[in-house]
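Encoded as structure tokens, the structure appears first; notes follow it.
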Amino acid sequence: MAEGILVFAEQRNGQLMKAAKEVLTAGYQIAESSGTTVSTVVVGDGVSSITDDISQFGASTIYVADDGELANYSGLAYAEYIRAAIEQADPAVVLFPADSMGQDLAPVVAAKLGVGNGSDVTEIQYQDGTVTAKRPVYAGKSLVNITFQQSPAVLTVRPNTYPPEEHPGEASVENLDVSLPDNALRVTARFEVSESERPELTEANRIVSGGRGVGSPEDFEIIEKLADAMSAAVGASRAVTDAGWRPYSEQVGQTGKTVSPALYVACGISGAIQHLAGMRSSKVIVAINKDPDAPIFKVADYGITGDLFEVVPRMIEELKNES
Amino acid sequence: MNILVCIKQVPDTETKVKIGEDGKSIDESDVNFVLNPYDEFAVEEALQLKEAAGGEVTVITVGPESATSAMRTALAMGADKGIRLDAEDVRLKDSFSIARALATSIEELDYDVIFCGKKAVDDDNHQVGPMLSALLDIPCVSTVTQLEIEGTSFTATREVEGGREIYEGEFPAVFTTDKGLNEPRYAALKGIMQAKKKPIDVSDVQFPEADSVVIESMEMPPESPPGRILGDSADAVPELIRLLKEEAKVL
Numbered sequence: 004m005a006e007g008i009l010v011f012a013e014q015r016n017g018q019l020m021k022a023a024k025e026v027l028t029a030g031y032q033i034a035e036s037s038g039t040t041v042s043t044v045v046v047g048d049g050v051s052s053i054t055d056d057i058s059q060f061g062a063s064t065i066y067v068a069d070d071g072e073l074a075n076y077s078g079l080a081y082a083e084y085i086r087a088a089i090e091q092a093d094p095a096v097v098l099f100p101a102d103s104m105g106q107d108l109a110p111v112v113a114a115k116l117g118v119g120n121g122s123d124v125t126e127i128q129y130q131d132g133t134v135t136a137k138r139p140v141y142a143g144k145s146l147v148n149i150t151f152q153q154s155p156a157v158l159t160v161r162p163n164t165y166p167p168e169e170h171p172g173e174a175s176v177e178n179l180d181v182s183l184p185d186n187a188l189r190v191t192a193r194f195e196v197s198e199s200e201r202p203e204l205t206e207a208n209r210i211v212s213g214g215r216g217v218g219s220p221e222d223f224e225i226i227e228k229l230a231d232a233m234s235a236a237v238g239a240s241r242a243v244t245d246a247g248w249r250p251y252s253e254q255v256g257q258t259g260k261t262v263s264p265a266l267y268v269a270c271g272i273s274g275a276i277q278h279l280a281g282m283r284s285s286k287v288i289v290a291i292n293k294d295p296d297a298p299i300f301k302v303a304d305y306g307i308t309g310d311l312f313e314v315v316p317r318m319i320e321e322l323k324n325e326s
Numbered sequence: 039m040n041i042l043v044c045i046k047q048v049p050d051t052e053t054k055v056k057i058g059e060d061g062k063s064i065d066e067s068d069v070n071f072v073l074n075p076y077d078e079f080a081v082e083e084a085l086q087l088k089e090a091a092g093g094e095v096t097v098i099t100v101g102p103e104s105a106t107s108a109m110r111t112a113l114a115m116g117a118d119k120g121i122r123l124d125a126e127d128v129r130l131k132d133s134f135s136i137a138r139a140l141a142t143s144i145e146e147l148d149y150d151v152i153f154c155g156k157k158a159v160d161d162d163n164h165q166v167g168p169m170l171s172a173l174l175d176i177p178c179v180s181t182v183t184q185l186e187i188e189g190t191s192f193t194a195t196r197e198v199e200g201g202r203e204i205y206e207g208e209f210p211a212v213f214t215t216d217k218g219l220n221e222p223r224y225a226a227l228k229g230i231m232q233a234k235k236k237p238i239d240v241s242d243v244q245f246p247e248a249d250s251v252v253i254e255s256m257e258m259p260p261e262s263p264p265g266r267i268l269g270d271s272a273d274a275v276p277e278l279i280r281l282l283k284e285e286a287k288v289l
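First to last, the sequence lines map onto chains A and B.
Going by the working numbering, the first sequence runs without a break in its numbering and finishes at 326.
Going by the working numbering, the second sequence runs without a break in its numbering and finishes at 289.
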């Protein structure tokens with residue numbers, strides 16, 4: 004009988020990802036409330052060294068796949084090791100972060116197991132053997148409650164929904180031994196580190212976003228300066244990325260990224276329905292816009308109906324004075 | 039080169055969501071249906087590959103007869119033919135059932151490469167492409183923003199947290215397409231006229247009796263209380279910063 008939770012502990016370069024700590028926390032909380040335990044699986048090259056970090060989050064068993072061939076991410080290869088861990092742990096629930104690795108990997112693992120996958124969930128319950136979850140659809144314009152009819156339930160968990168909590172403990176370590184099929188490494192990846200020192204949009208605690216009201220690509224510098232003063236990521240509206248002022252990777256909205264930071268500052272963004280969908284689950288929303296009728300003010304917690312070129316420099320100044 | 043593109047018809051992104059009578063899906067009256075925006079990048083990439091390497095582009099969808107209009111959009115852009123796997127209520131189906139239906143159909147075809155949009159903008163699942171690759175036992179690169187193809191070798195780039203991943207591999211493969219990969223072309227009138235004559239093959243699809251993931255109910259997100267306008271000039275900034283620190287505690 005399948006029981007317990009298995010968490011994929013995503014790492015890069017021997018560093019446990021923030022998203023992994025969140026998913027480990029989600030796993031611990033579900034296990035606590037249903038009286039079961041959490042095990043984890045970590046895959047990569049030289050990853051035996053991070054089992055101590057993982058055990059800070061309450062796992063009882065850590066399955067380790069440590070192999071030079073796994074230095075770079077490969078969906079097919081990683082999936083084989085995760086399947087091996089699932090076979091040994093026989094969990095009822097398998098959790099991944101809903102980030103670029105988790106969303107690439109979870110559907111592959113699920114399909115190989117012959118089960119479905121719940122994507123980007125924001126709440127999970129495991130009671131009396133039944134797994135239910137809540138997830139946003141239509142980029143957050145509505146939510147659905149889903150149940151899993153087959154075991155294990157494979158889910159990806161939205162970043163920023165389970166703040167990391169440490170529960171240090173002792174974990175036993177088990178090495179996974181898998182002979183990879185030939186095609187498992189047929190696609191090989193290398194990783195290039197981004198030059199930006201700003202936090203990643205989907206992981207960021209704070210985001211400063213600019214819209215058409217910023218006026219020009221050069222003037223976007225003011226958004227970057229505010230983002231730096233707040234240690235925030237930079238976002239943009241669709242109008243801005245479509246105009247080529249900013250890269251598509253910064254677009255927030257239904258055809259961009261869905262974000263849920265603690266603080267979202269919208270500057271010169273009127274608030275099209277697709278943009279509101281992508282950012283409305285932010286905990287606190289600040290809108291700065293000249294037009295008092297702009298739809299963004301309907302979702303904002305705090306608003307200033309003024310010229311962003313006066314308001315934003317003043318914000319930067321105030322933040323610098325206080326730090 | 040045999041190029042397949044998996045597409046879906048979805049409510050357009052302007053749609054104001056109202057929950058339908060079944061309590062599980064949206065009220066589809068007054069909804070405009072379009073080709074999923076991410077699938078437009080998939081169709082465009084397929085067409086560019088065909089223009090460079092020759093071959094044929096086939097678009098595949100799982101959906102009811104009304105989904106034909108999204109397929110005609112892809113055909114009007116320049117795809118050669120379509121396959122529709124006839125199914126109602128696809129918006130309540132889980133992605134694994136859809137991926138299996140597609141895989142069963144695709145296994146019968148000769149193909150070199152498969153493109154899918156990275157996600158559909160209705161269910162936001164991000165699943166069909168990677169699942170399809172697992173079922174067909176071929177590699178997948180998801181959320182691709184750059185793709186170079188030479189013969190049957192490819193170099194694909196995707197943006198990930200903290201950097202980018204660059205993949206090298208060989209066909210056959212599945213790619214899921216992200217915004218930024220290309221600029222989808224508009225269908226010209228000539229293309230729209232030609233699309234009407236292009237063949238669409240319709241076949242039945244056998245879904246498994248039960249879905250693996252079932253939608254039990256749909257709800258609207260909680261309404262946030264009305265916000266506060268703090269002022270109409272930079273003079274409101276000190277109060278804003280104070281509230282963010284002391285009341286909201288986010289600074």
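Glycine is no exception: its CB is placed at the ideal position from the N, C-alpha and C atoms.
The C-beta distance from Lys62 (chain B) to Phe245 (chain B) rounds to 17 Å, too long to meet the 8 Å contact threshold. Exclusion of the five residues before and after Asn70 (chain B) leaves Asp50 as the residues of its chain whose Cβ lies within less than 6 Å of its Cβ. In terms of beta-carbon proximity, Asp310 (chain A) lines the interface with chain B, with at least one pair separated by less than 9 Å. Between Ala192 (chain A) and Ile204 (chain B), the beta carbon gap of about 6 Å places them in contact (Cβ cut-off 8 Å). Counting only the Cα atoms, Ile210 (chain A) lies some 18 Å from Gly265 (chain B). According to DSSP, residue pairing for Asp242 (chain B) in a beta bridge involves B:Asp124. Relative to the Cα of Asp296 (chain A), the nearest Cα in the group A:Ile288, A:Gly309, A:Ser284 belongs to A:Gly309. CA-CA distance, Thr96 (chain B) to Ser104 (chain B), rounds to 19 Å.
Distance from the CA atom of Arg223 (chain B) to the CA atom of Phe79 (chain B), rounded to whole angstroms, is 9 Å.
For Asp123 (chain A), the neighbours in chain B by C-beta distance under 9 Å run, in chain order, Asp162, Asn163, His164. Per DSSP, the beta-bridge partners of Gln47 (chain B) are B:Leu73. Boundaries for Asn75 (chain A): no beta strand (DSSP E) harbours it, and the DSSP string shows neither H nor E there.
When Cβ-Cβ separations below 9 Å define contact, Leu123 (chain B) makes no contact with chain A.
Residue environment: Lys287 (chain B) is assigned as exposed (fewer than 16 neighbouring CB atoms within 10 Å of its CB, all protein chains considered).
Look at the stretch 69-118 of chain A and you find these whole runs of beta strand (DSSP E), each 3 residues long or longer: 96-100. Pairing Ile149 (chain A) with Val251 (chain B) gives a Cβ-Cβ distance under 9 Å. For Thr106 (chain B), no beta strand (DSSP E) run applies; the uninterrupted alpha helix (DSSP H) run containing it begins and ends at 106-115, by DSSP. For Leu146 (chain A), the neighbours in chain B by C-beta distance under 8 Å run, in chain order, Met256, Glu257, Met258, Pro259. Per DSSP, reduced to three states, the secondary structure at Val217 (chain A) is helical.
At least 9 Å separates the CB of Leu19 (chain A) from every CB of chain B.
Residue pairing of Glu203 (chain B) in beta bridges, as defined by DSSP: A:Phe194, B:Arg196. Residue environment: Ser122 (chain A) is assigned as buried (16 or more neighbouring CB atoms within 10 Å of its CB, all protein chains considered).
By the Cβ criterion, the stretch 136-152 of chain B is not in contact with the stretch 92-100 of chain A, since fewer than three pairs of Cβ atoms, one from each stretch, lie closer than 8 Å.
Judged by DSSP in its simplified three-state form, Tyr66 (chain A) adopts strand. Under the Cβ distance rule, Lys54 (chain B) counts among the residues neighbouring chain A, one pair being separated by less than 9 Å. For the set A:Met233, A:Ile307, A:Ala290, A:Gly117, the Cα lying nearest the Cα of Phe151 (chain A) is the one of A:Gly117. Taken in chain order, the members of the stretch 89-103 of chain A whose beta-carbon sits within less than 9 Å of a beta-carbon on chain B are Ala101, Asp102, Ser103.
A Cβ-Cβ contact shorter than 9 Å links Ala174 (chain A) with Ser58 (chain A). With a threshold of 9 Å between beta carbons, Pro49 (chain B) makes contact with chain A. The beta carbon of Asn120 (chain A) falls within 9 Å of a beta carbon belonging to chain B, placing the residue at that interface.
Under DSSP, Gly238 (chain A) forms a beta bridge with A:Ser212. With a contact defined as Cβ atoms closer than 8 Å, Asp48 (chain A) and Leu73 (chain A) qualify at about 5 Å.
Leu289 (chain B) and Met233 (chain A) have their C-alpha atoms roughly 8 Å apart.
For Pro316 (chain A), a Cβ of chain B is located within less than 9 Å of the residue's own Cβ. It is roughly 24 Å from the alpha-carbon of Phe209 (chain B) to the alpha-carbon of Glu221 (chain B). If you draw a straight line from the Cα of Glu313 (chain A) to the Cα of Ala236 (chain A), it is about 21 Å long.
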